[in-house]
Each structure stands twice: as structure tokens, then as C-alpha cells.
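Residue numbers (our numbering): 143 to 371.
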């Protein structure tokens, strides 16, 4: 029987083709997973964006936060434990930024100048520390500090008395409350205020600043007895 010497070579070629077909395709390397710190930072960023876009009273939808950050909703509870803790983390970030902006490379200012500087701080930022704290209060959290760094602020007011910027007869503890309420309240309602009185926000800022300056400068004088009027 005749044997075709080329046939074995044909079989080998077929085997090689079969091997090539069976060989698994090389997978393209997948993008490396984000670290926990990066994921937490992204969740906070998205939370701040949603509050800025939807407003404080709209609340914070965790499903939207998770989708915006590209993670599972369970990650929020895994990293932060609760919706309130996520807000706390956002507050801490915002507050640290505010403190840095007020204190970094800036010499000590007088009582009036310091408070007016605080008035301008982040005034155009719709997602500020005041809004976040207000949201937590509306969320039923009774542990929110309405006046962060209160002791330090009170100590500074005492120094302002020594410097002659505030009369020593004023109730400093009570004074710190309306100062905080005015600055934080204006930040939260600035745009609605401007709309209600029919002014551009920047024009309202200028006019309100004048009133605030008059009030702050009046603190250098002793309080009047309201009962005599």
C-alpha cells in the first residue's frame, strides 16, 4: 500500500490550528480598584454635589450617592455606617477647608475685620458647612454642634475685650450666638433672600455687609438698657 509522505505534515498543521483555536484569549488588564480612601472621598464629593444641586431640604438620597460614585449602596454603610456619618464626614471636610481659608498665612485681625472676613468666606459656596449642619439637624441628629470651635471663639471674644474692640459689659457667651446665627443663616438663605427683596446677590452682600459692620462696631460701646426706652 502506498503511503503519501505529505499526510503527516497535514495532520500536524491541523493540530496546530486546533491548538490555536483552543488557546484562551489573553484578557486585557482590568482597571485597578479604587482604594478605600479614594472611594470614601468620591462618596463625599458626590454627596456634596447632590446637596448643592438639590438643596438642603431635598435631603440626601443614598442610592443617588452610590450611583454617582460608581459603587454599591452597601459601600456607604460599610465605610460610614450610616447616612448621618456620611454627612459628618462631609462636614469635617468642609469645615477644615473653611478654617484653612480663614487662618492660613493671615495675620491676626481685629474683631470687626475678622467677622467681616468670615462673612465673605465661602459666601458663594452653596454647599458649605452651615448647610450641611442644617441638613443634619433636619435629619433629627441632636448631636450636631451648631457653633463649632465655640470655646476658641469665646476666648477670642475675651481677647477682643482686652483689645478694646468689645465693651466688657457685653454678654460674650450670648454675643457669640447671634454672630454665628447671622453668618450661618445668611450663607444658607443668601440666594432666596436676594430673590425675595429683588436684588442681585452681590448687591445684597454689599448692603448687608454695611449693616453687619455697623452692628459689630457698636460692640465697642457699652450696651444700652432697653428697659429705659
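We put the beta carbon where it would ideally sit given N, CA and C, even for glycine.
Beta carbon of residue i, beta carbon of residue j: below 8 Å?
{"i": "residue 233", "j": "residue 274", "result": "yes"}
{"i": "residue 291", "j": "residue 300", "result": "no"}
{"i": "residue 355", "j": "residue 254", "result": "yes"}
{"i": "residue 339", "j": "residue 346", "result": "yes"}
{"i": "residue 321", "j": "residue 259", "result": "no"}
{"i": "residue 204", "j": "residue 194", "result": "no"}
{"i": "residue 261", "j": "residue 351", "result": "yes"}
Considering only residues of the same chain and omitting the five flanking positions on each side of residue i, which have a CB-CB separation below 8 Å?
{"i": "residue 309", "result": "303, 361, 362, 363, 364 and 365"}
{"i": "residue 186", "result": "228, 231, 232 and 235"}
{"i": "residue 237", "result": "271 and 290"}
Only counting the same chain, and skipping five residues up and downstream in sequence, which positions put a Cβ closer than 7 Å to that of residue i?
{"i": "residue 312", "result": "361 and 365"}
{"i": "residue 206", "result": "192"}
{"i": "residue 272", "result": "326, 329 and 330"}
{"i": "residue 287", "result": "none"}
{"i": "residue 171", "result": "Because the pLDDT at residue 171 is just 40, under 50, the model does not fix this residue reliably, and the point stays unresolved."}
{"i": "residue 296", "result": "314, 315 and 318"}
{"i": "residue 174", "result": "Residue confidence is low: residue 174 scores 45 on pLDDT, short of 50, so the model does not pin down where it sits. No coordinate-derived value is stated."}
{"i": "residue 343", "result": "332, 333 and 336"}
{"i": "residue 226", "result": "278, 281 and 283"}
When we look at the beta-carbon of residue i and count the other beta-carbons within 10 Å, is it buried (16 or more) or exposed?
{"i": "residue 202", "result": "buried"}
{"i": "residue 307", "result": "buried"}
{"i": "residue 166", "result": "At residue 166, the pLDDT of 45 sits below 50, so the modelled position is not reliable; the number obtained from the coordinates is stated separately. Residue 166 should be labelled exposed."}
{"i": "residue 348", "result": "exposed"}
{"i": "residue 224", "result": "exposed"}
{"i": "residue 358", "result": "buried"}
{"i": "residue 294", "result": "exposed"}
{"i": "residue 276", "result": "buried"}
{"i": "residue 218", "result": "buried"}
Between which residues of its own chain and residue i is the CB-CB distance below 6 Å, once the five residues before and five after are set aside?
{"i": "residue 278", "result": "229 and 286"}
{"i": "residue 282", "result": "none"}
{"i": "residue 169", "result": "With a pLDDT of 45 at residue 169, under the threshold of 50, the modelled position of that residue is not reliable, and the figure given next carries that caveat. Nothing meets the Cβ criterion."}
{"i": "residue 210", "result": "188"}
{"i": "residue 221", "result": "182"}
{"i": "residue 252", "result": "307"}
Determine whether the Cβ of residue i lies closer than 8 Å to any Cβ atom of chain B.
{"i": "residue 332", "result": "No chain B appears in this structure, which consists of one protein chain only."}
Q: Within the stretch 250 to 311, note down every full alpha helix (DSSP H) run reaching 4 residues or more, in order along the chain.
A: 253 to 262, 271 to 280 and 292 to 305
(Q) Please give me, in chain order, every unbroken run of the alpha helix (DSSP H) with length at least 4 that falls completely inside the stretch 312 to 350. (A) 314 to 339
Q.
At 4 residues or longer, what runs of the alpha helix (DSSP H) sit wholly inside the stretch 199 to 245?
A. 204 to 211, 215 to 222 and 225 to 245
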